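Same order as they appear, the protein sequences are chains A and B.
Under this note's numbering, the first residue of the first sequence is numbered 4, with each subsequent residue one higher.
Under this note's numbering, the first residue of the second sequence is numbered 125, with each subsequent residue one higher.
Ideal Cβ placement from N, Cα and C applies to all residues, glycine included.
In this text the structure is predicted, and so the values were computed from the model without any measurement.
Below is one structure, written out as structure tokens; the observations come after it.
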Amino acid sequence: MATLLAITVLLPLLGSLVLILAPRLDRSAARNIALGCTLATMAFSLILLASFRTGVLTPQFAFEPQAGTYGLRWLARPDIRFAFGLDGLSLWLFLLTALLMITAVMSSWEAISERAPLYYAFLLALETGLLGLFASLDVVLFYIFFEFTLIPLFFLIGLWGGPERQRASIMFFLYTLAGSLLTLLGVIALVVVHYRYSPANVLTFSIPELTRGLATLPWPRWHEVGSWSSPQVLIFLLLLAGFAIKVPMFPFHTWLPLAHVEAPTAGSIILAGVLLKVGSYGLLRFNMGMTPLGAVSLFPLLATLAVIGIIYGALVALAQTDMKRLVAYSSVSHMGFVVLGMFALNSTGLDGSVIQMVNHGLTTGALFACVGVLYERYHTREMSEVGGIWNRLPILAFFFILSALGSAALPGLNGFVGEFPILVGMFSESRRAAVLGGTGMILGACYLLWMILKVVFGPLREPAADHEHAGDGNDHAAVRPVGWHEIAGLAPLMALIVLIGVVPGPFLDRIRPSSGEIDKNLQSQRGSSTVAVATTTIPLPNITAAPRNALKAPQGKRR
Amino acid sequence: MNPQIAYESVQQTLRILIPELIVLAAGVAMMTASPFFRWPRRTWCAIGAGALTAALLALLAVSGLQTDMYAAVALNDSLGFYGRLVVLLSGLILLALAHDEPADDTAGEFFGAFLMINAGAMLVMTANELVFLFVGLELVSMPTYMLLYLSRRTSTTQETATKYFYLSIFSSGLLLYGLAFLYGVAGVSNLKALATLSWHLPSIPHPQLGLVAVVFVLAGLCFRVAAVPFHFYAPDVYQGSPTVLAALLSWVPKGVGFVAMVRALTAVISVKGPDDPLVQKAVMISWVVAAATMILGNTLALLQNNLKRLLAYSAIAHAGYLMIGVTVAFANGPKSGYVYYGCESIFFYLVAYALMTLGAFGVIIGLRTAGRDVETVEDLAGLGFTQPLPALALAICLLSLSGIPPLAGFWGKFEIFASAFAASLGDNSGPFILLAVIGVLNAAVGAYYYLRIVVTMYLRPARQTVVPRGGWPVALAVGACASLSLILGLFPGPIVRASRAAALAAVDHSPPSRPQVIVRSGPSPSHSTKIPWVQN
């Protein structure tokens, strides 16, 4: 199975090489190869899902798990290993990537005509980057994939994007690179601290070993809480730099609207659907998993930023007239929930946070795909110019409504399953943050339903055909109906939006061992932590932490 | 030392120096023969390539030979061996880039001087003696003046050559002054002996005299590696001289200068351990140099539009990253069982840097537009679709320079930052971590100007036709640089092991037959056992 996982990760890269090296592929051949690759990857991922054992904490499908250390000696040093494996945190994100890639290929089916082989090659390279990132069990391997994703996405935005594509791609690249370099320092710091203070001076780059080793590090300063200069806080901040930009958390979100709007539809789907999860996945895996006391110390600040992100994103989304821009800002808001759930610092919030990552990927991916379908037909994304598509494109309208409702967290659909536990979890830690975050749900319903109202319902409004496209779109009776590939790309997402909403159990069951472990680690370190200076609970005005002993309540409530 | 041992030592030394002697002899022969034979430049170039290849074979043949480290002026340890290997291979690449450069009538002198530079660089890699080190460094410098004068006789080249000449002479003076002090502190000129003495005797080197030595040697070498405050010649000289010479100047003096720093300074000073005041001062000085070099190089590179000037500032910036390694190397004392060594990261970075910077210069050499050389960033517009392969090679080299995985430059930065994080002065690791943070912020700034070129190549429409030139040797050299940047990014293992071995060799100063009692808290042999992958 370990080999199957490695094959699954590397298969798209192979497809990408074929697309680059094969001479003179035409568009349909290129997209067929790309589709074949993504479908095969999805099939392999499903096999992995089927053989994933529920209730197991250790990473599965890993190389050499019995020998103590995961992975093959393949990279630079014996310590940096080629180590893949999936656990509860990464499993669903891995599958989400495989699934959204199919949607991305489908949504590019007609839209991309220029240099199609190159386009699909970058798309597939991006898939390998993302799959590898989620599957990595080695910090350096993780980082390599993390950075590698920048290159294909840079070209996808820069070559096939909208009018401002150059600025968008440069900004996206540099912004994320700057942050992730600091994250690299944080990762190195973790390894060095573990090497220097672990009892046997073990040099390891393995994520599971580091997580275990750092939790029980015999170094008193490591377990300090509440001081800005304690090592966990400093490393937490270094790690946070890259992930906060990727998520993006509130003051670091400025690259996102530009990149989303300028990217081609497939780029937006992957960017919002998967790439933002890279940030929150990193936060969970590294910040929460390895420096939990940093999270405890900085909790008021981070929860504040998350709440500001939720409300600010929602308010800005309300003011948008461009659909793509609206969905982009809604991402800022919804990712705020994901972060808020993490910093609830209890298992309810963590579970919600992990499942919300998947939910957001599904709904936002679907929304971007729907907007893309509309844009392909009308060449506009202005809500004032398009309306009443229920009469013209009923299938699309149905998809649009369903994904918007899922995104707005209607009970019975997937968004609710994520956002509700997040708020419940947060409530036990800080009531004010939970209540303020809750307003984000209301505002979310407002802007999404507003968009649906304008675009889907009402009398049919279509833009006057511009002269550029006079040949194919002059007569609106000839608006192309929704094609098979668009349905095929969106239908699985719709099914999952409903499925997760109705039966979240199977999904949560696979997440829980891992999120529970993070929670256990968090609570045990919190219990044994030494408070550096007795009075320094960081004096931030907005949120007062609820009494810490209220922690037991949500755990009882959880199941 | 009795005559018998002295004779043996000289014999051994000459034997391990065979590769240098071959290259030097060929260089001298070419210079002498040049006035009498009117051969085309291709012939001279072929002779040069033949000499380098012969030296390569000779180097492989002498790879096992060792000399007594306290007697010999040259060492064939791992640093000497791998260093010379890198010099020879990069020499071949440079030769391929230069094959079309000189006019037929000066080709003999040109390639002769080129071979001498290589011989000098190889001498520095092996040097174990202050005077020998200086000779090696001068053997790099002097033919460089000649090369600068030999190329096109325009007023800018003359100005460039003069500028470089005077500054280089000045820096050699500084260096020599510092080396004299380094000799003065213990009265020995053998570097390994100096290291051992300063390890055993607390009064050596004398703190004040030692500091003078450190400052002046560092200053003299900073000129060669183009580190602040001795960097200012670089942009003018690079811009004014032919691109091939800019490529040569951006790599050879830099590689040589850093190896000389390791051989003469860090390996000698660092044995005092991190608590020594001299070590602390040395760390402080190189800390400031590193930070200033990185910041200045990257900031000014942002403003450049001329490709050669841009690469010159980028070369300065990379000298700054490498100075982080030097800073760390000063602090890597004998008792520090560190996971990453400063010199190890320097060596790895140098290899990666050689590939990526020579590749980048190579692409510029290999392109021509509208009857002139490619000069500005705008000249490259649309290159990604008019000349896909050169553009791809340049893109790989530039992304590698900016440290994007999975390319060789990423591992270089990784090693540098990892060594900085692993270092500490006593319990204080704050300065190193701060330096690493400054380093990554600079890397992020640096990514911008590299990315600008990539953007111009791929995202802008072509303005003018750009045609390749230089034939297969340039193409081969550029292809080798680009593909090795990628391959070493995916499989950095061999270079990591080699630089590890070279780093251990550089700090090793204990004779093999040393009695066990003296090895108290032993330097390299005992702490190398703590390093996990050495046994693996």
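Sub-8 Å separation of residue i and residue j beta-carbons
i: F238 (chain B); j: A222 (chain B); result: yes
i: G375 (chain A); j: A114 (chain A); result: yes
i: I440 (chain B); j: T423 (chain B); result: no
i: M454 (chain A); j: L329 (chain A); result: yes
i: S365 (chain B); j: T284 (chain B); result: yes
i: A371 (chain B); j: L482 (chain B); result: yes
i: G391 (chain A); j: R464 (chain A); result: yes
i: L416 (chain A); j: V335 (chain A); result: no
i: A9 (chain A); j: S209 (chain A); result: no
i: G466 (chain B); j: A547 (chain B); result: yes
i: Q235 (chain A); j: G297 (chain A); result: yes
i: L7 (chain A); j: P516 (chain A); result: no
i: A627 (chain B); j: F471 (chain B); result: yes
i: F176 (chain A); j: L575 (chain B); result: yes
i: L216 (chain B); j: L261 (chain B); result: no
Assigned exposure category for residue i - 16 Cβ within 10 Å defines buried
i: L181 (chain B); result: exposed
i: P226 (chain B); result: buried
i: P127 (chain B); result: exposed
i: G164 (chain A); result: buried
i: Y94 (chain B); result: Shown here, chain B extends from 125 to 660; a query on residue 94 (chain B) therefore has no answer.
i: P15 (chain A); result: buried
i: N252 (chain B); result: buried
i: L102 (chain A); result: buried
i: N552 (chain B); result: exposed
i: I503 (chain A); result: buried
i: P254 (chain A); result: exposed
i: Y290 (chain B); result: exposed
Residue i (DSSP reduced to helix, strand or coil)
i: L523 (chain B); result: helix
i: G390 (chain A); result: strand
i: V299 (chain A); result: helix
i: E499 (chain B); result: coil
i: F346 (chain A); result: coil
i: R224 (chain A); result: helix
i: I142 (chain B); result: helix
i: N545 (chain A); result: For N545 (chain A), the predicted structure reports a pLDDT of 42, less than 50, and the residue's modelled location is therefore unreliable. The matter cannot be settled from this model.
i: P15 (chain A); result: helix
i: L321 (chain B); result: helix
i: D141 (chain A); result: strand
i: Q63 (chain A); result: strand
i: V21 (chain A); result: helix
Residue span of the alpha helix (DSSP H) that contains residue i, given as start and end
i: T131 (chain A); result: 119-138
i: P597 (chain B); result: 595-614
i: R624 (chain B); result: 617-631
i: L162 (chain A); result: 153-163
i: T493 (chain B); result: Looking at the DSSP string, T493 (chain B) is not in any alpha helix (DSSP H); the run it does join, the beta strand (DSSP E), is 491-493.
i: I445 (chain A); result: 434-458
i: N35 (chain A); result: 30-53
i: Q526 (chain A); result: 508-531
i: H197 (chain A); result: 168-200
i: T423 (chain B); result: 401-426
i: W375 (chain B); result: 367-384
Start-to-end residues for the beta strand (DSSP E) that takes in residue i
i: P592 (chain B); result: 590-592
Determine which residues of the region 211-240 of chain B have a Cβ less than 9 Å from any Cβ of chain A, and write them out in chain order.
none
Check each residue of the region 158-171 of chain A: if its Cβ is closer than 9 Å to any Cβ of chain B, include it; give the result in chain order.
F158, G161, L162, R168, Q169
Closer than 7 Å, Cβ to any Cβ of chain A: which residues of the region 565-580 of chain B, in chain order?
Those residues of the region 565-580 of chain B placed with their C-beta closer than 7 Å to a C-beta in chain A are A567, A568, A571, Y572, L575, V579, ordered along the chain.
Selection of the region 230-263 of chain A by Cβ proximity to chain B, strictly under 7 Å
Of all residues in the region 230-263 of chain A, none has a C-beta nearer than 7 Å to a C-beta of chain B.
Could you run through the region 472-496 of chain B and flag, in chain order, every residue whose CB is less than 9 Å away from some CB of chain A?
Identification of residues in the region 472-496 of chain B having a C-beta nearer than 9 Å to some C-beta of chain A yields an empty set.
Contacting positions in the region 152-181 of chain B - beta carbon closer than 8 Å to chain A:
Closer than 8 Å at the C-beta level to chain A, one finds no residue of the region 152-181 of chain B.
For the region 580-594 of chain B, which residues have a CB atom closer than 9 Å to at least one CB atom of chain A, in sequence order?
Y582, L583, R584
Can you give me, in chain order, the residues of the region 540-553 of chain B that have a beta carbon less than 8 Å from any beta carbon in chain A?
F541, A542, F545, A546
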